[in-house]
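**Q** Got a structure for you, questions after.
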Amino acid sequence: LLPRLRRKTRSITSWRAWLPSQPINRACPLCLSDPENQAVLLAWKLPLMLSCPLHGCWLESYWGVPGRFLGWENADAEPRTASDAIAAMDQRTWQALTTGHVELPRRRIHAGLWFRLLRTLLDELNTPLSACGTCAGYPRQVWEGCGHPLRAGQSLWRPYETLNPIVRLQMLEAAATAISLIEVRDISPPGEQAKLFWSEPQTGFTSGLPTKAPKPEPINHWQRAVQAIDEAIIEARHNPETARSLFALASYGRRDPASLERLRATFVKEGIPPEFLSHYLPDAPFACLKQNDGLSDKF
């Protein structure tokens, strides 16, 4: 929630993160009611989670001796479904414990980073507003969102692990609320790691306005005709059928021998062998010719 400059560094003798000063006796009612898999998980002995990651219900207080369950403190209590925010936070803690990593919206992080993030968040939520400066509105909004008093009613700062058990539960609930508010962008705190709970920004989206298709370039039909004639001349230098077809096209409207002779001379200048045309006289206009009358399939 807070920028680095607003986080106070404290040195506490004989303090260890996540190790409570008093034993914790809380368990899942549904897990203990299952005759095939009755167990009190070791993770429940630490102030890490509010709910069971397997059933999504609140962990309830019980009384007993170490390693043995004897009875619930509230014998008539029914299993309570945890909120979505609490279930999501506890699922990530469970993933960190069981897989060594946590999948956050931005990227995957190491389990150690997750526990440091969670522990830092708990400490920030217990920071007096007078020490938060201009960022005091973020923890205030979180506490209002979870419905508990500011800082769970604490007047003096103490390490999370030494707090009253009821206060610790409210602190964890506030942490789940803070993560949920960050994810849905209800708050945008300046903390360096807050963006880990945001989705990767989308790329490639448009303004929503209709795009204008580029106008096609105008077709130069004369240029295409000249290109086709050049290609036909190149083909006629090696293919007598193409040479005769091209000669028939060029001789359209010419019937006198002198004009046809000048046309043959022009073809020779273009590199078309004269023997391809030496005995060829067009006997009909070009428009009357058919493909099997001497026109090349490639022309």
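The sequence shown begins at 18 in the numbering used here and counts up one residue at a time.
Glycine included, each C-beta is placed from N, C-alpha and C at the ideal position.
1) Check whether the stretch 143-161 touches the stretch 28-43, taking contact to mean three or more Cβ pairs, one atom from each stretch, closer than 8 Å.
2) Mapping DSSP to helix, strand and coil, what is E120?
3) Going by CA-CA distance only, name the one from A44, A99, D51 that's closest to N91.
4) Between the C-alpha atoms of P176 and D140, what's the straight-line distance to the nearest angstrom?
5) Since N143 and M188 are thought to touch, with beta carbons under 8 Å apart, how far apart are those beta carbons, to the nearest angstrom?
6) Could you check the C-alpha separation between R85 and G73 for me, to the nearest Å?
7) For A304, collect the residues of the same chain with a Cβ closer than 7 Å to its Cβ; drop the 5 residues on either side in sequence, then sort them by chain order.
8) On the criterion of 16 or more Cβ atoms from any shown chain inside 10 Å, does T151 qualify as buried, or is it exposed?
9) Run through DSSP, which three-state label would I246 get?
10) If you run the structure through DSSP and keep just helix, strand and coil, what is R23?
11) Using a Cβ-Cβ cut-off of 7 Å (strictly less than) and excluding sequence neighbours within five positions of I126, which residues of its own chain qualify?
12) Rounded to the nearest angstrom, what separates W174 and S100 at their Cα positions?
13) Should A94 be labelled buried (16 or more other beta-carbon atoms within 10 Å of its own) or exposed?
14) So L130 is in the alpha helix (DSSP H); what residue range does that whole segment cover?
15) Run through DSSP, which three-state label would A275 get?
16) Taking W215 and R123 to be in contact with their CB atoms under 8 Å, please state how far apart those CB atoms are, rounded to whole angstroms.
17) Taking C-beta to C-beta, are L186 and L67 nearer than 8 Å?
18) For Q55, I'd like the list of residues in its chain whose CB is within less than 6 Å of its CB, leaving aside the five on either flank, ordered along the chain.
19) If you check the beta carbons only, do L263 and A275 fall under 8 Å apart?
20) Secondary structure at G81, three-state DSSP: helix, strand or coil?
**A** Straight from the coordinates:
1) no
2) Counting from one through the sequence shown, the residue named residue 120 turns up at place 103. E120: strand per DSSP, three-state reduction.
3) One-based indexing of the sequence shown puts residue 91 at position 74. Checked all of A44, A99, D51; the closest Cα to N91 is A44.
4) Counting from 1 along the sequence shown, the entry for residue 176 is found at position 159. Counting from 1 along the sequence shown, the entry for residue 140 is found at position 123. Straight-line Cα distance between these residues: approximately 8 Å.
5) Start at 1 with the first residue of the sequence shown, and residue 143 comes out as number 126. Start at 1 with the first residue of the sequence shown, and residue 188 comes out as number 171. Taking a contact as a CB-CB distance under 8 Å, the pair N143 and M188 counts as one, their CB atoms being some 7 Å apart.
6) As a first step, residue 85 must be located in the sequence shown, where it is residue number 68. As a first step, residue 73 must be located in the sequence shown, where it is residue number 56. Their backbone Cα atoms lie some 23 Å apart in a straight line.
7) The sequence position of residue 304 within the sequence shown is 287, counting from 1. Any reading at A304 is ruled out, since the residue's pLDDT is 43, under 50, leaving its predicted position unreliable.
8) As a working mapping, residue 151 is identified with position 134 in the sequence shown. When all chains shown are included, T151 counts as exposed.
9) Sequence index remark: in the sequence shown, residue 246 carries index 229 (1-based). The answer is helix: DSSP assigns I246 an H, G or I state.
10) Position 6 of the sequence shown, counted from the first residue, corresponds to residue 23. The answer is helix: DSSP assigns R23 an H, G or I state.
11) Counting from 1 along the sequence shown, the entry for residue 126 is found at position 109. Taken in chain order, the residues that qualify are H118, V119, L213.
12) Translated into the one-based positions of the sequence shown, residue 174 becomes position 157. Translated into the one-based positions of the sequence shown, residue 100 becomes position 83. Distance between the alpha carbons of W174 and S100: 28 Å.
13) For the purposes of this step, residue 94 is taken as the residue at position 77 of the sequence shown. Exposed.
14) One-based indexing of the sequence shown puts residue 130 at position 113. Counting along the chain, the alpha helix (DSSP H) containing L130 begins and ends at 128-142.
15) Here residue 275 is taken as the residue at index 258 of the sequence shown, counted from 1. Three-state result, A275: helix.
16) As a position in the sequence shown, residue 215 is number 198, starting the count at 1. As a position in the sequence shown, residue 123 is number 106, starting the count at 1. Contact flag correct, Cβ pair sits at about 6 Å.
17) Along the sequence shown, one-based indexing puts residue 186 at 169. Along the sequence shown, one-based indexing puts residue 67 at 50. In contact: L186 and L67 (Cβ atoms closer than 8 Å).
18) Looking up residue 55 in the sequence shown gives position 38. Counting only residues of its own chain and dropping the five nearest sequence neighbours on each side, Q55 has a CB closer than 6 Å to the CB of L49.
19) Taking the first residue of the sequence shown as 1, we reach residue 263 at position 246. Taking the first residue of the sequence shown as 1, we reach residue 275 at position 258. No.
20) Locating residue 81 in the sequence shown gives position 64, where the first residue counts as 1. Strand, per DSSP.
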